[in-house]
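Undergrad: Numbering (the numbering used here), first residue to last: 134 to 285. Backbone N, C-alpha and C define an ideal beta-carbon position, used for all residues, glycine too. Since we're looking at a predicted model, the values are computed, not measured.
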Amino acid sequence: MFDAEYDEGESTYFDDLKGEMQKQAQLNRAEFEDQDGEARVQYEGFRPGMYVRVEIENVPCEFVQNFDPHYPIILGGLGNSEGNVGYVQMRLKKHRWYKKILKSRDPIIFSVGWRRFQTIPLYYIEDHNGRQRLLKYTPQHMHCGAAFWGKI
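(1) Could you check what DSSP says for residue 224 in three-state terms: helix, strand or coil?
(2) Using DSSP bridges, identify the partner residues of residue 252.
(3) Identify every run of the alpha helix (DSSP H) within the segment 163-188, keeping only runs that are complete inside it and at least 4 residues long; order them along the chain.
(4) How many whole angstroms separate the CB atoms of residue 256 and residue 237, which I take to be in contact at a CB cut-off of 8 Å?
(5) To the nearest angstrom, report how far apart residue 194 and residue 202 are at their CA atoms.
(6) Please confirm whether residue 283 and residue 252 have their CB atoms less than 7 Å apart.
(7) Considering only residues of the same chain and omitting the five flanking positions on each side of residue 219, which have a CB-CB separation below 6 Å?
(8) State buried or exposed for residue 271, treating a residue as buried only when at least 16 other CB atoms are found within 10 Å of its CB.
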């Protein structure tokens, strides 16, 4: 049975936090409603629904000639920490549809988010005592670990 008293009882931490955020949003709206758009953008940043003008220099002429406004252009960039490279450890399992077995020290292409990069992984399995034992091949129907040099 549904207990309505339980649902309408005391408020939780999440409800309190949500209430504080609504109060702060109302305070911000009241404070900035008298100012013009440029001043609001300087303090608040660009709000959802606003347009941003981006000027790009040295654009190839082929881009301008073949431009189709029906397809969006996606602009992106990297944060300061996203350019770092180092050793990455991951847990993986060979997909059952991939017929070949994966071998250590063979180049492989990873697709992580919107990045694609080629690297040479070393496959390992962790023993019961915590030791990481190098594997020549990935095990069948089991997870194993992989260590490789890549984007952190």
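TA: The relevant details are as follows:
(1) Looking up residue 224 in the sequence shown gives position 91. Strand at residue 224.
(2) Looking up residue 252 in the sequence shown gives position 119. Paired residue(s): 241.
(3) 170-177
(4) Reading the sequence shown from its first residue, position 123 is the one you call residue 256. Reading the sequence shown from its first residue, position 104 is the one you call residue 237. Confirmed, Cβ separation roughly 5 Å.
(5) Start at 1 with the first residue of the sequence shown, and residue 194 comes out as number 61. Start at 1 with the first residue of the sequence shown, and residue 202 comes out as number 69. Straight-line Cα distance between these residues: approximately 16 Å.
(6) Counting from one through the sequence shown, the residue named residue 283 turns up at place 150. Counting from one through the sequence shown, the residue named residue 252 turns up at place 119. Contact flag set, yes.
(7) Position 86 of the sequence shown holds residue 219. 285.
(8) Within the sequence shown, residue 271 is the residue found at index 138, counting from 1. It counts as buried.
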